[in-house]
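*Asks:*
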């Protein structure tokens with residue numbers, strides 16, 4: 002028993018970087034999980050993936066201005082770039098016949114290419130790997146404060162715009178007819194998506210930041226149909242995946258970020274097999 006306790010608690014008791022990484026996972030799970038649930042209910046999962054790449058040029062500019070891997074500077078730059086892409090995509094979709102997902106795809110590919118070009122031109126391959134895949138074990142105090150602020154702001158804004166956001170998700174036509182300013186709430190929600198992706202970028206990199214947002218949300222949807230429990234369960238899955246992923250990466254000397262996302266995937270696959278609305282329910286309906 003003592004050896005089990007040492008294996009589970011020892012890494013966090015002995016190393017400060019493990020404790021900071023755990024706090025980052027808890028913070029990220031609590032903020033990104035509920036936002037991911039709303040993204041899936043609004044059928045915007047792929048737009049969330051696009052936004053995770055759109056923050057790269059801003060992060061690259063922050064990297065250059067800070068003269069190195071400053072997570073705070075890169076995070077603030079990522080927020081600016083992500084919001085810029087969201088506003089441009091929304092403007093184009095409203096002024097042209099292009100759908101919003103097509104606008105997002107065009108702008109995010111441009112942003113991704115520009116960000117990789119900036120980092121690769123002015124940094125090293127190691128710098129590029131840090132930007133793309135994250136540095137959760139290098140999270141520092143200012144980055145934790147930024148992530149905590151993002152989570153607090155996300156929860157507060159979701160509480161304020163809860164009812165109109167759900168209504169805009171369920172029946173956007175009714176919102177337009179009743180003058181409910183659905184477009185405003187849509188832009189506020191995109192703002193929440195961007196800042197939570199930036200928080201994920203701080204820990205997991207631009208290629209995997211969306212994983213902590215979407216995979217726990219998909220897992221939660223397999224266990225419940227009620228919205229508030231679904232959000233709470235999504236946050237719990239993200240926190241659990243962060244804890245287990247950090248322990249597995251420490252004991253087996255694996256990369257922490259990918260291990261955390263793979264842990265989320267394992268919980269998702271388990272839910273597919275064991276949940277009442279998973280594969281078993283689908284097989285029963287087909288019979």
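Residue numbers (our numbering): 2 to 288. Every residue, glycine too, gets a C-beta built ideally from N, C-alpha and C.
Per DSSP, what kind of secondary structure is residue 18 in: helix, strand or coil?
*Replies:* helix
*Asks:* Terminal residues of the continuous alpha helix (DSSP H) containing residue 241?
*Replies:* 228–253
*Asks:* Among 66, 160, 246 and 252, which residue has its Cα nearest to the Cα of residue 1?
*Replies:* Outside the modelled stretch of the chain, which goes from 2 to 288, sits residue 1, for which no answer is possible.
*Asks:* Taking Cβ to Cβ, would you say residue 238 is nearer than 9 Å to residue 257?
*Replies:* Contact flag unset, no.
*Asks:* Suppose the cutoff is 7 Å on Cβ atoms and the five residues either side in sequence are ignored; what does the same chain contact list for residue 192 look like?
*Replies:* 84
*Asks:* Suppose you measure from the CA of residue 184 to the CA of residue 267; what does that come to, to the nearest Å?
*Replies:* 37 Å
*Asks:* Residue 1 and residue 229 look like a contact to me (Cβ under 8 Å); what is the Cβ gap, rounded to whole Å?
*Replies:* With the chain covering 2 to 288 only, the question about residue 1 has no answer from this structure.
*Asks:* So, under 8 Å CB-CB, residue 113 and residue 57 are touching, yes? Tell me the CB distance rounded to an integer number of Å.
*Replies:* The distance from the Cβ of residue 113 to that of residue 57 is about 6 Å, consistent with a contact at the 8 Å cut-off.
*Asks:* Got a sec, what are the start and stop residues for the alpha helix (DSSP H) residue 149 sits in?
*Replies:* Taken as a continuous stretch (DSSP letters only), the alpha helix (DSSP H) holding residue 149 covers 142–161.
*Asks:* Grouping DSSP H, G and I as helix and E and B as strand, with all else coil, what is residue 206?
*Replies:* coil
*Asks:* Output the distance between the C-alpha atoms of residue 66 and residue 278, rounded to the nearest integer angstrom.
*Replies:* 49 Å
*Asks:* Of all the options 75, 255 and 136, which has the alpha carbon lying nearest to the alpha carbon of residue 64?
*Replies:* With distances taken between Cα atoms, residue 64 lies closest to 75.
*Asks:* With distances taken between CB atoms, is the gap from residue 21 to residue 118 smaller than 9 Å?
*Replies:* no
*Asks:* Given a cut-off of 9 Å, decide if residue 210 and residue 34 are closer than it, judged by their beta-carbon atoms.
*Replies:* Cβ atoms of residue 34 and residue 210: not closer than 9 Å.
*Asks:* Express the C-alpha separation of residue 166 and residue 60 in angstroms, rounding to a whole number.
*Replies:* 29 Å
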